[in-house]
Structures are given as structure tokens and as C-alpha cells.
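Engineer: Got a structure for you, written out below as C-alpha cells; questions coming shortly.
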Amino acid sequence: MAGKVTFFDTNVSFPSNLNNLGFQSASPNTSRFVPQSKSQHEQDGSAQAQDQISRCHEKLRSLRPTDSATLKTELNLLFDQLISENYSSSNHDNIHPEVVCEMLIQASRLVPLSQEHLFIKLCQLIHQLLNQLQVIVDEHTLDVLVSYCSRALRTCSSWTHPDVLLALSSLVYGNGSKCQRHLPDLLGLSGFLVSYGDPVQPDVELRRAAVHCIANLCLSVPGQPFLEEPYKGVCYGILLRTLQSPKPADVEDIVFCSLLQSALKGMQYFLNCGKWKAIPNQDLGTLLAVLKRFMFYGLPGMSAEMPQVLYPAPLPQYETVSVVKPEPSQDSTVQKKNTGSQQNKKRKSRGKGKKAGAEGKRDAEEGEGDEVKSVDQSGWSLGSQSSSVTPQLYPSWKKGSSDSEFSDPEGGMQSKLRLYQARVRQSALQCFLAVVKCVEKRILYGYWSSFVPDAPGIGGPPPLTLLTIALKDPSPKVRAGSLQVLSALLEGSRQFLSTAEDTSAPRQAFTPFSATLAASVRELHRGLLLALVAESSCQTLTQVLKCLAHLVSNVPYNRLRPGLLSPLWKQIRPYIRHRDVNVRVSCLTLFGALVSTQAPLPEIQLLLQQPGSTSALNSPGVRTPQELSHNWRRPGTSSPRGVEGAPEGPCWLLQLCVSLVTQPREEPYSDSDAAGSGGASLEPSPVRLEALQVLAHLVKGYFSLAQTSLLELGQLSARCLAEQEPSVQLHGAKLLEELGTGIIQQYRADANTPQSAKLVPVCQVVQFWSDVLSGPLISALQNEQHPTLQTSACDTISSILPQAFSQLPDKTQVLCITLLLGLTYSENSLVKSAAVRALGVYILFPCLREDVMFVADTANAILTALDDRSPNVRAKAAWSLGNLTDTLIVNMQSVGLEFQEEFSDMLLLNMLRSATKASGDKDRVKSNAVRALGNLLHFLQPVHLGKPVFEQPLQEAMSALIETVRGDATMKVRWNACYALGNTFRNRSLPLGSAVWSKEAYSALSYVVTSCKNFKVRIKSAAALSVPSTRDRYGDVHQFAEVWQALARALEHSEDTEDFLEYRYCASLRSQLCRALLHLLSVCQPEDLPALRSSLSDQSRPVLQDFLVRYLGDKDVALIDGPAGEEAVDHTAPEDGLMVLNETLTRLKGALEETVSDRSEDLKTVVSFLEDVLRNFEETKESDGNDSSLQLSKSP
């Protein structure tokens, strides 16, 4: 079926004088009344075009193919009428693509290929209608007309071929995959496009038309398949050879620029076809070298000589830059126009730049280098920087217009050539952007040094990088394109840039890659700051700020010397009041990146605490550098918003964002603000939303600075929730959630907080939440029209500090609980999952966890959610069930039998069954389901185990845990399953050792402790094997021997791993294994000694002995304790291990005196082993003491 799309810039296509015959200048008053007359003009033009299309269509349908002159005359008139209409001047949605396709097919039937002049008109008509009406032809029309054009290329004269290819390019636009029948004729070994598009083709117009057609073949409309191999590779080869071929001497520069632009556009379409695949004929380094060459094509003041191929390397490849000199072979017509005065100016420029190198640096390059050096040393003082911006800081394109290369009269050849060259550079950058999107970042970062500088290049030619374009290109669109590419490179570069480091002293022998990367990061800051100061285009300025935001978000500032962020912070502050709304939004985005990256950073903390009295935001005399020459403010007035307070006042950024959200704007802004909403007198909606996001980042990263304005921020959030715009409401709820989370984290870290740190008083927290819960938050929870807002509100009330919740009024507590319980039955899965999660948080509150009724109501709601069809709801429900079962264990230890007796047996049984069922779900559900199973099996008491109804669920629960331990689930799931088995073993009421499932449980843990690749899973399995407190719970002799041998074998091979990342857990694993072995020795009985002797008599004895000695000597070994990846210090110190060893040795020596002769050899072997361990430990301890004493005696 035919459809409509937006074609790419028609400037790429061939110029046609017929396109200038529209009706745009029909009325002399059109430009005075644009809103009214333009709309009316479009309606009239659309109706007129539709009528004309309809009349011509009917006329064509009535005609029959003949050889009469009358038919030829009528067709000429019809084609002239259709071509004379400028269809791009108005909206033509009412012209159906099917009518256009049918009309073109009928016309092709009426025009024989022998009438070449009439056929050329038809080709022009095909191109104009399809291009201006933005029609993609259907498959039948495509087949008919492509066959028609292919026959014309075989039979018609060569002078017609450019127009035929032009029509063909419009037909195949977005239809490459549907041209399979015609591709052999077009792209085969002797295909038309292959021969005409070859660089050896002498006719450049024909060559350009063929390349343009190939570009449209490579384009794929969303939802349609891409061009298939081998034709895809043929297109790539032609496009690449076109870009690599030099300009013929007899071809005009503008024509060659059009050819390059078509080739680059085709390459961009090719790259958009999917992920880059490295095949022999498609080398990434070759393509990047070509694109880098055209990124600087025609850039005034320099020419580049670069290698034909770029290679992945940590250092840039050799390239030279020289001043452009007149060359007769290129642009000879334009070169002759250069006057003697212009050449004298060039000579003066070369004379001034002697110290910059023999190649003749321009004044702008010298000025930039000198200025940056002085600015960097002075700490980028905002006042001096803004008030003393001198011309040498600006790039060459910012200098006086009288010396500009654009001094030709408008429409002159020089200006036109510069325009076409800028389009080539822009197309090259768009193509490079497509490369960044389709090539894996880990591959692309190998070419980092070819496009990102690591030194300013003072005293020599500037490096040919993306920053050079952003600073020196005269076209704002090209500058913006280079910044877009740089942003795409920086996006997601955190892992790559994480190796950058320059905190250590510089090395003289060699420069490590970390230092080179750090220098590159510093140069990026320097160059982008220069671009920020010099840029005058609002659109490009927005790209500069966005690029800085990507840079800030990915740089590891904690590994770099301080001082990078301070100049940036001071430079961007004036842009918060910029006249363009997009600049203000981007500036706030950058502030958000600054306060969120690796928070809290000491440098940002100091900047946030700076007094604001000298800020550019309050001083009417300080403006952005661009406003020094163009002041759009009313003179003599300062902003009424008190964004900056006294040094001891609140954070100035916080006050600024609050004022942007709440206070009316007074300054006149650009017309782009008209689209903003959120009140006629308030800031535009994008600005307000971005300010709220900055507040959320600020609260999250620097809560200690925001806590002084806690109540004010609560009022701001309430105001946002009371507004009508859903996006503002969502951001207000998010800010509330961050405030609550910040308070909780502050109290959670209280044990590690210095005494000088001030916690928010509980009474203030209570007041804060009382105000919030009496405001519009409750209405947001009940707003079924906006489920996303309900979800955010659930997350918000789940962030209440437990100590504060207990002090809230009873009716407020009941209201929160009732609303959450009700929302767990919502039809929206997002709301349901958020409500279930909030209940999982509330169940841990000390004031609620002992309430049996609340626990029961929460359990029922969670069990219902566990059967939901949404995986997200089930995952949140499993997490809440895990928390609820944690509460059962805490209550069992703190409250005792009273709580257990009141808790419903049937509810406990349903929880056990639901958790067992959930353990077979997806991994994100299973990881918490097995955690809940372990807690429930720990919670069971003899009164439950004595009931037959619990017998089968108990067997199924244990089987589920054992299967999960042995299974192929994610390591987190298996780790939690091992923890759950250890938790189960703590229940003394379970028949561990005698039950059928005991042997399977021990076998599963023994298998994992020796074979699992993940050391954290091994650690938890070893911990579970050391849980049983008595010998009888380990089962018979064979079971005990299996556990002992598994632990000994695991300790012996505890350093064997294929994954280097697992080595960080080696010490914890050895410590846990030694602890488990000592525990088994402490409970072993005489009948177990033969198995122990066999493992202590072979070659593994010295290995085990060495590990046990090291375990006794190690201190503060961190063991992994608890589920879900939390790490804690082992509560059993090495001294306890020594005590266990001594007690075990004493017990066994006593048994040796009483034992019978058949057991004495086994016992002697074990005792001898333990004595050797103890003796070696004492010797090691004594040796370490002597070494430390010797060091102390040598110290001055």
C-alpha cells in the first residue's frame, strides 16, 4: 500500500527550476498577516492542487495510447499543469497516495520510450509528485515503474539517463527490500547503478544521480526489512569508493559537494540498517578515516592530511594541518577573486603567529591557547572571566565580520560554496553519529584518541578532533552536529572513563593509559568551556550544555585532581536566566548531573555552600558572555527572586530551584517559551520540571545541605501535587520520596556518623509527614485516573521514617495502612506492585510488626498478589513476603510463644504453600521466595509439625529449596537458597538428621561447596553446613563423612577459579570453610574418626594444616552474612576459632585415654593433626612478634 513519509532535505536532490512556480507570493500582504493568510493560503492551495490532480487523473484515464500528435500535445499540457504546481507550499494530506500511484502508472502506459522529450517530462513529474507529496509508492506501482525506468536505461539516449535515475531514486525511496526482482539489473555485476555510480564514471551528473538512487535504496522505513546481502555490500562499496575518490579537475566544487552529500546520506542510511558487523569488505577504521576527513571538509583556515585507515590505539595517529593556500586546481574561479588586501592580511596573520609554529597559526588559535592557560591557573574566577571577555577568546568565526570569509555579496559563489561545504561536514557528522549508534562502544572506544584530544595543542597545529569543529567551524549547525556526536560518545562511557586517574605523582619514564585518559577528560572540560563562552547560537548552546551533562555524568572525579568542576559550576550559573527556554532547561540538566555524579563530592559540597551575594544571578551587571554585546534584560533591574542568601542560609541552588518552580517570572524571554504551560505567569513547564529534578538529585546526594529546608521542600511538593498537570505532580511526589529516603538513610547511618553531624529531629520529621499526609498526597493515592501518580504516591508513603510513623496520629496510621491494603487489589499492575512493596516496608516497622492483625492482613494481601499474572507484581510480592517472614523470626525471638500462638495456622500453611509455588517462578520472584521458605521453615514449631496437614507442604518446601540449590538459576537465587537451608537447620524442632530430606539437603550443599563457580554461593553453603549444633543432626556416619570430605576438598581447592573477579572472595571462603571444619571436629564422635583420619593422612594434610593456621592468625576477615548480597563482618572472631580448637583438642585427648585399641590410631591421627596446627600457629605468632619488635627497634 502506498503511504506518506517525510523525505530528507530536497537540497540533496537535483535543482529544478520548475519548483519555483508556486503560489507563495500570490499576495503582497501575505507576510504581514502570517497566522491568518498563511493558513488560508494553504487551504486554498491544497484544494486547488487536489482539484487539479483529480482533473488530470480523470483526463489521463480517458486517454488511450496512440501515435497521434493530439495525444502527445494533450500529455504535454497535462504534464505541464501538474509540474507547474508547487505541492510543497501547502498541506496535501487530502491527496490520496493511491490516486497518485494510479495516475503515474496510467501515464507510463501512455508515454512510449521512443518519445524521449515527453518521457523526460514524465520522469520529472514522477520525481516532483513523489518528493513534494511525500509518497512512498505501493509494491505494484513500484514494480511497474521500476521496470519502465529500467527499460528506458537500456533503450533511451544517454542524455536522458540522469532524469531517469532521478525518477528511479524517488520510486525506490524506502522500498529497497521490495525491489528484489529488479536488484540484479540495478546492483548486479553489470547493473546500471554499479556502472553509473563507479568513481571512474566520467559524467559527474550521471554519477551523482546513481549515488543518490543507491542512497534511497539503502533507506529502510520503520517496520520494513532492510536491504539484503549481497546488494547491501555492493551499495556500501560504491558509497565508500565515492567518498575516497578525489575531486576530478574538471568538476565544479559545488557539484562535487552535492555528490559527497548524497554519498554521505547513503552511508548514513546504510548504517541505520542495524548493528555493525565486521566483515572483510567493511573495515571500521577505513570508514572512520573517511568520515574524519569530511568532518573538516572545506573548514576555513585549514586542510587535513590524514591516514587512509584509522587503527584502535591509545594515542592519536599522525595527521598534519596547514593553512589553506590558493590552488589553481580547486576553486580556481573563486581564488581569482581574492584581493591583494586579503592576502596581505593573511601574511600579517602568519607573521603574528611565528611563535605558534612554522605552519602559521591563526590569531584565534593563539588567543584560545593563551587564554585557556591563564584561566586554568587563575581558578576560573567568574567575575573576571565574564567582565573581561576579549576577542582572542573567541574562535575565528566569531571575529569581526569585515575579515570573514563570508564577505561576498549574498548569493555569491564563495558564500554558496561555503554553504555546500558546511552541508558536507554536517552530513559527515550525521554519518558519524550513525556509526556511534550502530557500533559497540567497547569497539568504538578504541578510536577515542582519534576524535577526542588529550592536550590543548598550544604552540602547534590544533588536533583534528570533534572539539576543533565545535570551536572553529563557522556553521552553527555543524558545531551542533559535532557536539551531538561527542554527546553520543560520552553517553554510557562510565566504564571506559573509570580507568582515568591523575591523582598520583606524574611518572617520567612513561605515561600510563590512565593518565592519558585523564588528560583527555581535562581537555574535554577545557574545550567545552571555551565553546560555552564563545557560542552565540541558542540551539548550539543547548548542545554544549547537554554535552557537558553527559561528560559530568560519566567522569570519575574521585580519581582526578580536584578543580575540574569549579570553573564549570561558575560558568554555567548565568545561563539559568538565559532568554531561551531550551538553554535554561539544559543548564538545569547540567546542574542535575553535577549534584548527582558520585555524590557527595567534596568539591560540589563546597560549591553548594558558597555564599551567593556575588552571584551572577543577582547582579544585573554580570551576564553570560553572549549578553555582553546583546543585553536583552531591562537595564538597572535585578532579579527579585532571592535565590542567594547569606553564607549561613540555605543552599543557593535549592533556593533557585524552589523559586523557578513557585515564583512568577518577570524577565522577557524568547518566543520559544510560548509553548510552556504551568500557568501564565510561571516558568515554562520544562523549566519547572527540570528544577524539580535538580531538587530531587540535590536531596539524594547532599541531604545534609537540604535538611535545613525540609519543611519548605515539603510545602513545595504539596503545592506540586495540588496542581493539575500530571508531570508536575509526579515530580512533586518523587521529591517527597527522596526527602523521606534521605531521612531514613541518615538515621540508618547514625552509628557511623560523627557526633558533629546533625540528624533531623524526630519531632520535625513527624511534623513534616503530618503536613504532607494532611495535604494532597492522600488524594493522589486515590486518583484512579492517573495510575502512575498513584504508583509514585505509594513509593512516597513507603519512605516514612519508622520512628516518625509510630508518633503519627492513630487515624493517620490507619489511613495509610487502609489505603495501601486497598490498592493491592487495583486493576493496574504498577499500582498493585507499588502498594505491595509499601506493605513490605511497613511490615518491618517496630510499631506494626507485633500487631498480629496487621501482619495477617498484610500476609493475605501479599499471597493474593503472588498469584497475579504480572511478573512485576509477583516479584514485589515475593520481596514483601520475605520481609514479612523476617518479621516472624524477629517476633519469635522478641515476643516469644504469645505471637506464635496468636498467628493463624492456616495462614502459615498458605504462606508455606505459596512460597513453595513461587520458588518455581522466574528468578526475580524465586530469589525472595526461597528466602521466605527458609524463614517459614525456621518459624515452624512442634505444634505445627505435629499436624498431618503440614507434612506434605514441609516435604515440598524442602524439595524446592534443594532443587534450587542444585539448579541452574542465577547465583543470587542459589545463594539465597543456601542461606534458606542454613536458616532451616536452625529450627531444632525439625527432624534434621533423621528425615528423608536431610540426606538430600546435605548432599546438595556438599555438591555446591565443591563445584559452584561462584565463591559467594560456596560461602553460604559452607555456612549452612556449619549450622547444626549437635552431632545427631548431621545424620549417620556416612553423611557426616560426606560433609567433612566436601569441606576439606573445597578448602584444598579454594584458590582454584577461572573467573578473576572471584579472587576477592577467596579469603572469606577459606575462613568460612575453616570455621565449618573446626565446628565438625568439635562435634565429631568416635565412629566418625576413620573418615577424618583418611583425609588427614594423605597429601592434603599439609594443605589443610596451612589453611587452618592462616585462619587462626587472620583478623577481621569479612564474611558474607545474610541474603540478597549484604556483606557483614563475621561475628565469630579468630580467637573463638582458637578456643574451639583448644576445646576440641582437650576433648579428644580425654577420649584418647578412654578409647579402645581399635579406635586409638584414628584418634591419634586427628589429635596429632590438631596439635600440629596449634604448634604452627604459636610459632607463627611468635615469629610475627619478633619481626614487629625488630622493626620498632630500628625506627628512630
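Residues 13 to 1208 (our numbering) are what the sequence shown spells out, left to right. Beta carbons are placed, not taken as given, at the ideal position from N, Cα and C, and that holds for glycine. Bear in mind the structure is a predicted one, so any value in this text is a computation, not a measurement.
What is the C-beta distance between L271 and T298, in whole angstroms, given that I count them as a contact (C-beta under 8 Å)?
Structural biologist: Taking the sequence shown and counting its residues from 1, one reaches residue 271 at position 259. Taking the sequence shown and counting its residues from 1, one reaches residue 298 at position 286. Separation of the CB atoms of L271 and T298 is rounded to 19 Å, and the pair is thereby denied contact status at 8 Å.
Engineer: Which residues does DSSP list as the beta-bridge partners of I291?
Structural biologist: In the sequence shown, counting from the first residue as 1, residue 291 sits at position 279. DSSP output for I291 lists Q294 as bridge partner(s).
Engineer: Give me the Cα-Cα distance between H1050 and Y1019, rounded to the nearest whole angstrom.
Structural biologist: In the sequence shown, the residue the question calls residue 1050 occupies position 1038. In the sequence shown, the residue the question calls residue 1019 occupies position 1007. So the alpha carbons of these two residues sit roughly 15 Å apart.
Engineer: Spell out the partners DSSP gives N187 in its beta bridges.
Structural biologist: Here residue 187 is taken as the residue at index 175 of the sequence shown, counted from 1. Bridge partners of N187: S232.
Engineer: In chain order, what residues of the same chain have a beta carbon less than 7 Å from the beta carbon of I107, not counting five sequence neighbours either side?
Structural biologist: Position 95 of the sequence shown, counted from the start, is the residue given in the question as residue 107. Within the same chain, I107 has close Cβ partners A61, Q62, I65, L145.
Engineer: Out of F962, L966, A992, point me to the one whose CA is closest to T976's CA.
Structural biologist: If you number the sequence shown from 1, residue 976 lands on position 964. Taking only the C-alpha atoms, the option nearest T976 is A992.
Engineer: Go ahead and label H1065 buried or exposed: buried means 16 or more other beta carbons lie within 10 angstroms of its beta carbon, across all protein chains shown.
Structural biologist: For this step, residue 1065 is matched to residue 1053 along the sequence shown. It is exposed - the Cβ of H1065 has fewer than 16 other Cβ atoms within 10 Å.
Engineer: Helix, strand or coil: which one does DSSP assign to S1195?
Structural biologist: What you label residue 1195 is simply residue 1183 of the sequence shown in a count that begins at 1. Residue state, collapsed to three classes: helix.
Engineer: Okay, do the stretch 446-453 and the stretch 305-324 touch, 3+ Cβ pairs below 8 Å being the bar?
Structural biologist: no
Engineer: Taking the CB atoms as reference points, tell me whether P468 and E513 lie closer together than 8 Å.
Structural biologist: For the purposes of this step, residue 468 is identified with residue 456 of the sequence shown, where counting begins at 1. For the purposes of this step, residue 513 is identified with residue 501 of the sequence shown, where counting begins at 1. Contact: no.
Engineer: Note down, one range per segment and in chain order, each alpha helix (DSSP H) of at least 4 residues found wholly within the stretch 547-579.
Structural biologist: 550-566
Engineer: If you draw a straight line from the alpha carbon of Q507 to that of G1047, how long is it in whole angstroms?
Structural biologist: Counting from one through the sequence shown, the residue named residue 507 turns up at place 495. Counting from one through the sequence shown, the residue named residue 1047 turns up at place 1035. In a straight line, the C-alpha of Q507 is about 50 Å away from that of G1047.
Engineer: Buried or exposed: where does M279 fall if 16 or more other Cβ atoms within 10 Å of its Cβ makes it buried?
Structural biologist: Locating residue 279 in the sequence shown gives position 267, counting from the first residue. Burial call: buried.
Engineer: Relative to the C-alpha of S120, which residue among L89, K1025, V147, S159 is closest?
Structural biologist: Locating residue 120 in the sequence shown gives position 108, where the first residue counts as 1. That would be S159, whose Cα lies nearest to the Cα of S120.
Engineer: Using the C-alpha atoms, what's the distance from Q555 back to L251?
Structural biologist: Residue mapping note: residue 251 aligns to position 239 of the sequence shown, counting from 1. Residue mapping note: residue 555 aligns to position 543 of the sequence shown, counting from 1. When rounded, the distance between both Cα atoms is 30 Å.
Engineer: In terms of alpha-carbon separation, which member of C135, Q433, G186 lies closest to V267?
Structural biologist: The sequence position of residue 267 within the sequence shown is 255, counting from 1. Nearest of C135, Q433, G186 to V267, Cα basis: Q433.
Engineer: Could you compute how far the alpha carbon of L509 sits from the alpha carbon of L501?
Structural biologist: Counting from one through the sequence shown, the residue named residue 509 turns up at place 497. Counting from one through the sequence shown, the residue named residue 501 turns up at place 489. If I take the Cα positions, the gap works out to 11 Å.
Engineer: Quick one, are the C-beta atoms of L832 and L851 less than 8 Å apart?
Structural biologist: Locating residue 832 in the sequence shown gives position 820, where the first residue counts as 1. Locating residue 851 in the sequence shown gives position 839, where the first residue counts as 1. The answer is yes: Cβ separation under 8 Å.
Engineer: Counting Cβ pairs closer than 8 Å, one from the stretch 941-954 and one from the stretch 899-913, do we hit at least three?
Structural biologist: yes
Engineer: Given this structure, state the Cα-to-Cα distance separating S1107 from Q1057, to the nearest angstrom.
Structural biologist: Looking up residue 1107 in the sequence shown gives position 1095. Looking up residue 1057 in the sequence shown gives position 1045. Approximately 7 Å, taken between the alpha carbons.
Engineer: Using 8 Å as the cut-off, can you tell me whether the stretch 700-714 makes contact with the stretch 743-755, which would need three or more C-beta pairs spanning the two stretches below that distance?
Structural biologist: yes
Engineer: Measuring alpha carbon to alpha carbon, tell me which of F131, S182, D175, L89 ends up nearest C113.
Structural biologist: As a working note, residue 113 is residue 101 in the sequence shown. Comparing Cα positions, the closest option is S182.
Engineer: Which value, in whole angstroms, describes the spacing of the CA atoms of P488 and S439?
Structural biologist: As a position in the sequence shown, residue 488 is number 476, starting the count at 1. As a position in the sequence shown, residue 439 is number 427, starting the count at 1. About 14 Å.
Engineer: Here's a check: name, in chain order, each residue in its chain whose Cβ is nearer than 8 Å to the Cβ of T1192, leaving out the five neighbours to either side.
Structural biologist: As a working note, residue 1192 is residue 1180 in the sequence shown. Hits under 8 Å: V1121, G1125.
Engineer: Where do the ends of the alpha helix (DSSP H) carrying D869 lie?
Structural biologist: Taking the sequence shown and counting its residues from 1, one reaches residue 869 at position 857. Looking at the DSSP string, the run of the alpha helix (DSSP H) that includes D869 is 864-878.
Engineer: Which first and last residues belong to the alpha helix (DSSP H) in which N947 is found?
Structural biologist: On the sequence shown, position 935 is the one that residue 947 refers to. N947 -> alpha helix (DSSP H) spans 935-951.
Engineer: Measure how close the beta-carbons of C191 and L165 come, nearest whole angstrom, since I'm counting them as under 8 Å.
Structural biologist: As a first step, residue 191 is located in the sequence shown; it is residue number 179 there, counting from the start. As a first step, residue 165 is located in the sequence shown; it is residue number 153 there, counting from the start. Wrong, their Cβ atoms sit about 14 Å apart, outside the cutoff.
Engineer: Output needed for P174: all residues of its chain with C-beta closer than 6 Å, excluding positions within five of it in sequence on either side, in chain order.
Structural biologist: Here residue 174 is taken as the residue at index 162 of the sequence shown, counted from 1. So the qualifying residues of the chain are E217, L218, A221.
Engineer: Do F131 and L125 come within 8 Å of each other at the CB atom, strictly closer than that value?
Structural biologist: The count along the sequence shown starts at 1 and reaches residue 125 at position 113. The count along the sequence shown starts at 1 and reaches residue 131 at position 119. The answer is yes: Cβ separation under 8 Å.
Engineer: Near A981, which residues of its chain fall below 7 Å by C-beta distance, leaving aside the five closest residues on each side in sequence?
Structural biologist: Sequence index remark: in the sequence shown, residue 981 carries index 969 (1-based). Only D935, K938 meet the Cβ criterion.
Engineer: Residues in the same chain with beta-carbon distance under 6 Å from S344, minus the five sequence neighbours each way, listed in chain order, please.
Structural biologist: In the sequence shown, residue 344 corresponds to position 332, counting from 1. The predicted model places S344 with a pLDDT of 40, which falls under 50 and marks its position as unreliable; any figure quoted below should be read in that light. In its own chain, leaving out the 5 sequence neighbours on each side, no residue places its CB closer than 6 Å to the CB of S344.
Engineer: Between S1195 and E1067, what straight-line distance do the alpha-carbon atoms span, to the nearest angstrom?
Structural biologist: The residue given as residue 1195 occupies position 1183 in the sequence shown. The residue given as residue 1067 occupies position 1055 in the sequence shown. C-alpha separation (whole angstroms): 26 Å.
Engineer: Just checking, does the stretch 852-859 make contact with the stretch 880-895 on the three C-beta pairs under 8 Å criterion?
Structural biologist: yes
Engineer: Classify V497 as helix, strand or coil using the three-state DSSP reduction.
Structural biologist: One-based indexing of the sequence shown puts residue 497 at position 485. If DSSP states are grouped into helix, strand and coil, V497 belongs with the helices.
Engineer: Can you tell me the Cα-Cα spacing of F418 and R437, whole angstroms?
Structural biologist: In the sequence shown, residue 418 corresponds to position 406, counting from 1. In the sequence shown, residue 437 corresponds to position 425, counting from 1. The predicted position of F418 is uncertain, since its pLDDT is 45 and thus under 50; a value taken from the coordinates is nonetheless stated next. Going from the Cα of F418 to the Cα of R437 covers about 17 Å.
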